[in-house]
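A.B. asks: What follows is a structure written as structure tokens; I'll ask about it next.
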Amino acid sequence: MDDFIFLLTEKEAKYKQVYQQMKILITQGTLQTNDSLPSIRKLAETLQVSRNTTLTAYEQLVAEGYIRGEGRKGYFVNALEPVFLQEQEQEQEQEQEQEQPVLSQPTSNTTSLLVDFRAGAVDQTYFPMKTWRQLANQVLQEPSCYQYGELFGDPLLKEQLVPYLLQARGVSTTSENIMIGSSTQQMLLYVGFLLKDHFPSVLLEDPGYNGAREAFQLHRFVIETLPVMETGAQLDILKHCQARLLYVTPSHHFPYGVSMTIQQRQTLIQWAQQVNGYILEDDYDGEFRYTQQPFPALASIDPSKVIYLGTFSKSFLPGVRLSYMVLPNTLVQPFKERFAHFEQNASSLHQRTMAQFMAQGEWTRHIKRMRLTYKQKMQHLVQELQRQFGPQIAVLGEQSGLYIVVKVKSPLSEQQLIQRAETYGVKVYPTSPFFINQTSEDPLLQLGFSKLTMEEIKLGVERLKEAWQP
């Protein structure tokens, strides 16, 4: 056969789609034993993909025995046993049956992904690409970039973080107390290694960040839960808990979005003092509060009892893997001794570039610009949801952050709502993975907005209205 035309989508790697389509043609008998296949170059031109794409697909087919290469002659179909072909046909029929959506929809409504309400992305339009590139090029001229970085973080970045944390989050600290890493989860793993011998159990928010839960479970901590409602955490439970270690997101609870009052924060500090424990404060997007000034961090009240965790991923760029941790004085030396022989896993180039970015005032300008941009997107998303759905939905967490949670009053389950939305070209995300012991009576869905345009937000909500209507 001289030519093929496949419909390729963006949902999966293109080489894999080519491989699967070719495999189907062979197993269904459309391509017979010893049939010749188009050359790598010709197939790439026909499908408008790179030669590497078709080459990888062919190599996979060769590895699995479906085709063979005969040097300059090209590629040919191998013989398959008839029984094998029948089994393939049965498997394909079963797969087709299983792939039928739970909620049947008219074929005309089935479409490719148009709007992805994914949280954790940033708006590429406003990323200061030119400035960042210029600073990175300057940093590349420095000899330090051609050596392994400092074990616990670049000194210049830590020096910039000290005044920033005091000014923006109210946290008074020194460079010695700051540790740099690649992610919050990695920092939690390190803290787990440090504390697990003296703190066998940990108290986690329920619902809460499942990435933190995974990190603590990896260390085999006993998990206790702090129930969190839409109105806030149930702190009365603290007096009944055995754990002396608490992980919380007080400035912007994940996922409800509620913030702790100063009274609640003081209660947590008093608890940590009474039990001689520590609070792990995850301030993952504390810069983005839209109704008032960002709340001071919990660590600003008593830094001796709080391990403060911050990240550049949400506020700047996920691809720049930079996070930081502020340790109480009592943990600084034990941490350095425990990890004295571990290499720094955050890019020294990115650390030094971020230090220059902050030193020149670009970081502060970027945060101010993005806070206004994200506030406008947040308001637009909430207004569109209220206009389209009215009392059918309730919006949670619209005061801060880069996502909201939507409570849907519907007989459909969370998964059914997600599937129906995807049928209409919209991707929304579940919150059920964040729950431990608690459950929600109504489906709760997470909608991120940071990387979407105003037009995409409007289109996405309109499609959700079509998808979720009775």
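Letter by letter, the sequence shown follows residues 393 to 862 in the numbering used here.
Just so it is clear, CB atoms sit at the ideal spot from N, CA and C, and this is done for glycine as well.
Just so we're clear, the structure is a prediction, and the values are computed from it rather than from any experiment.
For the beta strand (DSSP E) containing R863, list its first residue and its last residue.
C.D. replies: The requested residue 863 does not occur in the structure, where the chain is confined to residues 393 to 862.
A.B. asks: Contact check, P430 vs T438 under 8 Å by CB: the rounded distance?
C.D. replies: On the sequence shown, position 38 is the one that residue 430 refers to. On the sequence shown, position 46 is the one that residue 438 refers to. About 7 Å separates the CB atoms of P430 and T438; that is less than 8 Å, so the two are in contact.
A.B. asks: Leaving out five residues before and five after Q748 in sequence, what residues of the same chain have Cβ atoms less than 6 Å from its Cβ?
C.D. replies: In the sequence shown, the residue the question calls residue 748 occupies position 356. L527.
A.B. asks: Count the other CB atoms, across all protein chains shown, that sit within 10 Å of the CB of E404; report buried if there are 16 or more and exposed otherwise.
C.D. replies: Walking along the sequence shown from the start, residue 404 turns up at place 12. In the assembly as shown, E404 is an exposed residue. Its beta-carbon has fewer than 16 other beta-carbons within 10 Å.
A.B. asks: In the DSSP output, which residue or residues are listed as bridge partners for V797?
C.D. replies: Looking up residue 797 in the sequence shown gives position 405. V797 pairs with L788, Q838.
A.B. asks: Give me, in chain order, the residues of the same chain whose beta-carbon lies closer than 7 Å to that of V793; leave out the 5 immediate sequence neighbours on both sides.
C.D. replies: Taking the sequence shown and counting its residues from 1, one reaches residue 793 at position 401. Before going further, note that residue 793 is Gly rather than Val in the sequence given. Closer than 7 Å at Cβ, skipping near neighbours: H644, G649, D677, F680.
A.B. asks: Please work out which residues of its chain come closer than 7 Å, Cβ to Cβ, to L553, disregarding the five sequence neighbours upstream and downstream, and give them in chain order.
C.D. replies: Counted from its first residue, the sequence shown places residue 553 at position 161. Only I570, Y716 meet the Cβ criterion.
A.B. asks: Got a sec? Which residues, its chain only, sit under 6 Å from Q736 by beta carbon, not counting five neighbours each side?
C.D. replies: Looking up residue 736 in the sequence shown gives position 344. Cβ neighbours of Q736 beyond the five flanking positions: G541, L543.
A.B. asks: Hey, would you say L773 sits closer than 8 Å to I810, going by beta carbons?
C.D. replies: As a first step, residue 773 must be located in the sequence shown, where it is residue number 381. As a first step, residue 810 must be located in the sequence shown, where it is residue number 418. In this structure, I810 does not lie closer than 8 Å to L773 by Cβ.
A.B. asks: Checking 8 Å against the spacing of the C-beta atoms, do L557 and T565 come in under that value?
C.D. replies: Taking the sequence shown and counting its residues from 1, one reaches residue 557 at position 165. Taking the sequence shown and counting its residues from 1, one reaches residue 565 at position 173. Taking 8 Å as the Cβ cut-off, L557 and T565 qualify as a contacting pair.
A.B. asks: Does the separation of the CB atoms of N470 and R460 fall below 8 Å?
C.D. replies: Taking the sequence shown and counting its residues from 1, the one referred to as residue 470 is at position 78. Taking the sequence shown and counting its residues from 1, the one referred to as residue 460 is at position 68. In contact: N470 and R460 (Cβ atoms closer than 8 Å).
A.B. asks: Below 6 Å CB to CB, which residues in the same chain sit around L630 once its five sequence neighbours on both sides are set aside?
C.D. replies: Stepping through the sequence shown from its first residue, residue 630 is reached at position 238. W663.
A.B. asks: L548 to V614, Cα distance in whole Å?
C.D. replies: Translated into the one-based positions of the sequence shown, residue 548 becomes position 156. Translated into the one-based positions of the sequence shown, residue 614 becomes position 222. Cα-Cα distance, rounded: 38 Å.
A.B. asks: Under DSSP, the alpha helix (DSSP H) around T419 begins and ends at which residues?
C.D. replies: Locating residue 419 in the sequence shown gives position 27, where the first residue counts as 1. Under the DSSP assignment, T419 falls in the alpha helix (DSSP H) whose first and last residues are 406-419.
A.B. asks: Does the beta-carbon of H632 have 16 or more other beta-carbons within 10 angstroms, so that it is buried, or is it exposed?
C.D. replies: Here residue 632 refers to the residue found at position 240 when the sequence shown is read from its first residue. Result: exposed.
A.B. asks: Specify the secondary structure class of M571 as computed by DSSP and reduced to three states.
C.D. replies: Indexing the sequence shown from 1 puts residue 571 at position 179. Strand, per DSSP.
A.B. asks: Can you tell which of Y450, F585, G753 has its C-alpha closest to the C-alpha of F727?
C.D. replies: If you number the sequence shown from 1, residue 727 lands on position 335. Closest option to F727, Cα to Cα, is F585.
A.B. asks: Keeping to the same chain, check which residues put their C-beta closer than 8 Å to that of F398; ignore five residues upstream and five downstream.
C.D. replies: Here residue 398 refers to the residue found at position 6 when the sequence shown is read from its first residue. Q409, V410, Q413, L439.
A.B. asks: Can you list the beta strand (DSSP E) stretches of 3 or more residues lying completely in the stretch 560-622, in chain order?
C.D. replies: Correct list: 570-573, 593-598, 614-621.
A.B. asks: Would you kindly work out how many angstroms separate the C-alpha atoms of D694 and L714, rounded to a whole number?
C.D. replies: Taking the first residue of the sequence shown as position 1, residue 694 is located at position 302. Taking the first residue of the sequence shown as position 1, residue 714 is located at position 322. Each residue's alpha carbon lies about 25 Å from the other.
A.B. asks: Residue range of the beta strand (DSSP E) that S832 falls in?
C.D. replies: Taking the first residue of the sequence shown as 1, we reach residue 832 at position 440. Unbroken run through S832: none, as it is neither H nor E.
A.B. asks: I need the boundaries of the alpha helix (DSSP H) containing M717, first residue and last residue.
C.D. replies: Numbered from 1 along the sequence shown, position 325 holds the residue referred to as residue 717. Note, M717: premise wrong, no alpha helix (DSSP H); beta strand (DSSP E) at 715-718.
A.B. asks: Under 8 Å: do the stretch 818-830 and the stretch 781-792 share three or more Cβ pairs, one atom per stretch?
C.D. replies: no
A.B. asks: Tell me whether P592 counts as near the ligand SAH, meaning its Cβ is closer than 7 Å to at least one heavy atom of that ligand.
C.D. replies: As presented, the structure is devoid of all ligands, the ligand SAH included, so that no description of it is given.
A.B. asks: Quick check on this structure: which residue in Q577, D589, G702, E597 has the alpha carbon closest to the alpha carbon of A607?
C.D. replies: By 1-based counting over the sequence shown, the position of residue 607 is 215. The residue among Q577, D589, G702, E597 with its C-alpha nearest the C-alpha of A607 is Q577.
A.B. asks: Could you pull out every unbroken alpha helix (DSSP H) segment of at least 4 residues lying fully inside the stretch 677-765, listed in chain order?
C.D. replies: 721-730, 740-751
A.B. asks: Give me whichever residues DSSP pairs with K819 in a beta bridge.
C.D. replies: As a working note, residue 819 is residue 427 in the sequence shown. The partner list for K819 (beta bridge, DSSP) reads D508.
A.B. asks: Based on Cα-Cα distance, which residue from Y816, A513, T401, K465 lies nearest to V343?
C.D. replies: Only positions 393 to 862 of the chain appear in this structure, which leaves residue 343 out of reach.
A.B. asks: Are the beta-carbon atoms of L638 and A604 separated by less than 8 Å?
C.D. replies: As a position in the sequence shown, residue 638 is number 246, starting the count at 1. As a position in the sequence shown, residue 604 is number 212, starting the count at 1. Not a contact, by the Cβ cut-off of 8 Å.
A.B. asks: Any idea what DSSP makes of G852, helix, strand or coil?
C.D. replies: Within the sequence shown, the letter at position 460 stands for residue 852. G852 sits in a helix when the DSSP states are folded into three classes.
A.B. asks: Return the chain-ordered list of same chain residues with a C-beta closer than 6 Å to the C-beta of S707, the five sequence neighbours on each side being excluded.
C.D. replies: Counting from 1 along the sequence shown, the entry for residue 707 is found at position 315. For S707, where only same-chain residues beyond five positions count, the Cβ hits under 6 Å are E679.
A.B. asks: Helix, strand or coil for S442? Go by DSSP, reduced to three states.
C.D. replies: On the sequence shown, residue 442 is found 50 positions in, with the first residue counted as 1. Reduced to three states, the DSSP call for S442 is coil.
A.B. asks: Output the residue ranges of the alpha helix (DSSP H) runs that lie fully inside the stretch 519-551 and measure 4 residues or longer, sorted by chain position.
C.D. replies: 521-531
A.B. asks: Do you know how far the Cα of V698 is from the Cα of R657?
C.D. replies: By 1-based counting over the sequence shown, the position of residue 657 is 265. By 1-based counting over the sequence shown, the position of residue 698 is 306. Cα to Cα, the separation comes out at about 11 Å.
A.B. asks: Going by Cα to Cα distance, which pick from Y682, T422, T683, D674 is closest to A867?
C.D. replies: With the chain covering 393 to 862 only, the question about residue 867 has no answer from this structure.
A.B. asks: In chain order, what residues of the same chain lie with their CB nearer than 8 Å to the CB of Q530, ignoring the 5 residues before and after it?
C.D. replies: Locating residue 530 in the sequence shown gives position 138, counting from the first residue. The beta carbon of Q530 sits closer than 8 Å to the beta carbons of Q748 from its chain, once the five residues preceding and following it are set aside; these are given in chain order.
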